[in-house]
Amino acid sequence: MRIALLGCGVVGSEIVRLLRANAGDLAARVGEPLELVGIGVRRPERVRDLDIDASLFTADAAGLVARDDVDLVIEVVGGIEPARDWLLAALRAGKPVVTANKALLASDGAALHDAAAAAGTDLYYEAAVGGAIPLIRPLRESLAGDRVRRVLGIVNGTTNFVLTRMDETGASFAEALAEAGALGYAEADPSADIDGYDAAAKAAIMAQLAFHSPVTIDDVYRVGIGDVTAADIASAREMGCTVKALAVAERSVETDGISVRVHPAMIPRTHPLAGVREAFNAVFVEAEAAGQLMFYGQGAGGAPTASAVLGDVVAVARNRIAGRRGPGESSYAALPVLPMGRTVTRYHVNLDVTDKTGVLATVAGAFARHDVSIRSVRQDGRGDDASLVLVTHAAPDAALSATVEELRGLVGVRAVSGVMRVEGGEP
Ligand code: NAP
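Numbered as in the UniProt record's numbering, the sequence shown ends at 427 without a single skipped number.
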């Protein structure tokens with residue numbers, strides 16, 4: 001089984017190491033040796049800390065994919081182009097592909113799946129969501145006999161690290177992010193993580209698989225964690241919750257559509273996801289017959305991600321030797337993605353109000369006018385001022401955000417000091 005590896009950075013170099021270190025076991029498991037016949041990189045002349053023949057490196061990735069002596073292509077470069085062209089060329093030539101490229105799968109996964117199906121070959125991508133955590137295979141295979149209702153995930157290690165530090169030490173967002181950078185958990189430019197783009201790509205991929213419907217990153221409603229304050233974290237704590245950056249994909253039975261979103265949310269401290277600390281990832285799946293399942297582990301890093309890639313390589317190589325194809329992808333259900341306004345959520349609202357008779361009634365009136373029912377109210381007096389913390393029952397997001405808009409203009413409301421969605425049941 002002759003392999004072309006595209007990319008030899010954080011993940012690719014670990015793939016090279018594992019292919020060599022585990023060569024005997026891999027050959028026994030596949031039934032043939034796995035041989036690395038070429039490595040496509042941007043700078044082939046670069047000196048790398050790898051005990052490997054330098055002549056394997058090439059800057060001509062397209063030429064490498066097209067070579068007759070390549071049976072299988074691994075892509076760990078990332079980004080949309082040129083990776084998309086290389087992978088389409090490989091699939092069209094009937095060569096199976098293993099990739100970790102969440103950005104490409106979330107933006108144009110359908111083109112890759114179609115090319116794989118047309119050529120009767122495999123497209124595997126366990127490493128694209130949740131690093132080492134087996135998640136794609138459970139969604140694609142183990143749960144294929146069930147109906148998934150909801151997927152709730154902590155799928156970005158950087159944001160989970162930042163929010164864990166804010167919760168456990170009282171650090172501000174900026175302090176926690178600086179610590180994440182110093183420990184190597186955050187990139188020099190952390191915006192793809194902090195602004196939720198990385199999690200949105202993963203949410204789109206999970207939604208495609210869970211609901212057998214076409215979902216791209218453009219369908220995902222996205223709010224980053226940059227506006228989460230120490231006061232939000234303290235307020236969550238007071239009501240028995242913690243704040244997590246969640247990727248949510250859920251099916252609405254009433255509308256038969258799906259909601260796919262990424263945003264910070266308060267979840268009860270008793271929820272299994274609340275115990276997922278630091279840079280770990282976890283995905284909580286609720287299915288009709290299976291009930292609740294949780295998948296937990298290291299969501300990033302060279303070796304964990306390489307483990308997931310090699311698991312796919314073994315599966316794909318076995319399929320090729322047996323002359324069969326693994327599970328394909330189908331969007332047969334074609335459920336529409338609901339606009340965020342029609343998604344049913346719950347809000348936690350923190351208000352600074354004047355401590356005068358009638359303010360509570362005025363505030364309650366705003367909720368009633370938008371048909372939003374209040375689940376709990378807590379009031380703390382502070383001289384002339386008071387803080388009012390309200391948690392709603394579930395309501396369409398459009399009604400909840402219209403309520404907050406009205407609250408901003410009410411006499412007696414000095415400021416809406418915090419608004420956050422609430423997920424994961426009652427605290
Ligand atoms: P990386 O360290 O930046 O490595 C990228 C590799 O791609 C390098 O070897 C680079 O070549 C090569 N490359 C970049 N542009 C190229 C081009 N135009 N032509 C040929 N080669 C090119 O990236 P990474 O962290 O390993 O991530 C790779 C993929 O895995 C991405 O899709 C990422 O989303 C995914 N992933 C990463 C992690 C993780 O923890 N890092 C986790 C899950 C998934 P040079 O070496 O010559 O620069």
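Positions of the beta carbon are idealized from the N, C-alpha and C atoms, including for glycine. Here the structure is a predicted model, which is why all the values come from computation and not from measurement.
Roughly how many angstroms separate the alpha carbons of residue i and residue j, rounded to a whole number?
i: alanine 117; j: glycine 328; result: 7 angstroms
i: lysine 244; j: alanine 28; result: 42 angstroms
i: alanine 127; j: isoleucine 136; result: 8 angstroms
i: glycine 301; j: alanine 23; result: 21 angstroms
i: threonine 366; j: valine 391; result: For the record, residue 366 in the displayed sequence is alanine; it is not threonine. Rounded to the nearest angstrom, the two C-alpha atoms are 14 angstroms apart.
i: glycine 94; j: serine 107; result: 22 angstroms
i: arginine 147; j: serine 417; result: 39 angstroms
i: proline 134; j: glutamate 175; result: 33 angstroms
i: alanine 62; j: valine 37; result: 14 angstroms
i: isoleucine 154; j: valine 283; result: 6 angstroms
i: alanine 119; j: alanine 103; result: 23 angstroms
i: glycine 9; j: valine 316; result: 23 angstroms
i: alanine 303; j: leucine 5; result: 16 angstroms
i: valine 220; j: serine 252; result: 15 angstroms
i: isoleucine 321; j: proline 96; result: 12 angstroms
i: glutamate 405; j: proline 82; result: 44 angstroms
i: alanine 402; j: valine 228; result: 21 angstroms
Mind checking residue i: buried by the 16 CB within 10 Å criterion, or exposed?
i: glycine 79; result: exposed
i: glycine 409; result: exposed
i: glutamate 254; result: exposed
i: proline 264; result: buried
i: methionine 420; result: buried
i: methionine 294; result: exposed
i: threonine 270; result: exposed
i: glutamine 292; result: exposed
i: glutamate 238; result: exposed
i: aspartate 122; result: buried
i: proline 336; result: exposed
i: tyrosine 197; result: buried
i: aspartate 232; result: buried
i: arginine 92; result: exposed
i: threonine 357; result: exposed
i: serine 376; result: exposed
i: alanine 247; result: buried
From the DSSP secondary-structure annotation, give me the bridge partner or partners of residue i.
i: serine 55; result: In the DSSP output, where bridge partners are listed per residue, serine 55 has none listed.
i: proline 268; result: Cys241
i: glycine 157; result: Answer is none; glycine 157 lacks a bridge partner.
i: isoleucine 205; result: DSSP lists no partner for isoleucine 205.
i: arginine 2; result: Glu35
i: methionine 340; result: According to DSSP, which records beta bridges pairwise, methionine 340 is partnered with nothing at all.
i: serine 376; result: Val391
i: glycine 418; result: Asn350
i: threonine 99; result: Glu75
i: phenylalanine 295; result: Val283
i: tyrosine 332; result: Partner(s): none; tyrosine 332 has no beta bridge.
i: glycine 345; result: Sequence inspection shows threonine at residue 345; the glycine mentioned does not correspond to that position. Paired residues: Ala395.
Could you tell me how far apart the beta carbons of residue i and residue j are, in whole angstroms, since I believe they sit closer than 8 angstroms?
i: valine 129; j: isoleucine 205; result: 5 angstroms
i: methionine 266; j: histidine 393; result: That belief does not hold up - the Cβ atoms of methionine 266 and histidine 393 are roughly 15 angstroms apart, past 8 angstroms.
i: alanine 186; j: threonine 164; result: In fact, because the Cβ distance is near 13 angstroms, the residues do not count as touching under 8 angstroms.
i: proline 396; j: glycine 341; result: 6 angstroms
i: methionine 1; j: valine 30; result: 6 angstroms
i: serine 259; j: leucine 338; result: 5 angstroms
i: asparagine 319; j: glycine 299; result: Incorrect: roughly 26 angstroms between the Cβ atoms, too far for contact.
i: alanine 368; j: glutamine 379; result: Not really, about 18 angstroms apart at Cβ, beyond 8 angstroms.
i: glycine 240; j: aspartate 195; result: Incorrect: roughly 29 angstroms between the Cβ atoms, too far for contact.
i: alanine 334; j: proline 190; result: Alanine 334 to proline 190, Cβ: 36 angstroms. No contact.
i: alanine 199; j: valine 262; result: 5 angstroms
Here's a check: name, in chain order, each residue in its chain whose Cβ is nearer than 7 angstroms to the Cβ of residue i, leaving out the five neighbours to either side.
i: alanine 230; result: Met166, Gly170, Ser172
i: alanine 399; result: His370, Asp371, Val372
i: alanine 236; result: Thr242, Val243, Met266
i: serine 330; result: His212
i: alanine 201; result: Lys102, Ala103, Ala106, Ile217
i: tryptophan 86; result: Leu6, Ala61, Ala62, Val65, Glu75
i: aspartate 256; result: Leu335
Just to confirm my understanding: we take residue i, look at its own chain, exclude 5 residues before and 5 after, and list those with CB closer than 8 angstroms. What are they?
i: alanine 59; result: Gly40, Val41, Arg42, Arg43, Pro44
i: valine 363; result: Leu351, Val353, Leu388, Leu390, Leu407, Leu410, Gly412, Val413
i: alanine 100; result: Val11, Glu75, Val76, Gly78, Tyr125, Ala127, Ala128, Thr305, Ala308, Val309
i: glutamate 141; result: Pro327
i: isoleucine 3; result: Leu19, Leu34, Glu35, Leu36, Val37, Val70, Asp71, Leu72, Val73, Ile74, Val313
Enumerate in chain order the residues of its own chain whose CB-to-CB distance from residue i is below 6 angstroms, with the five nearest sequence positions on each side excluded.
i: alanine 415; result: Asp352
i: alanine 279; result: Gly157, Phe161, Tyr185
i: glycine 7; result: Val76, Val77
i: leucine 310; result: Leu18
i: threonine 345; result: Asp397, Arg421
i: valine 151; result: Met206, Ala210, Ala249, Val285
i: glycine 226; result: Ile194
i: alanine 115; result: Leu88, Leu91, Arg92
Less than 9 angstroms between CB atoms is the rule here; does residue i satisfy it with respect to chain D?
i: alanine 402; result: Absent here is chain D; the protein component of the structure consists of one chain.
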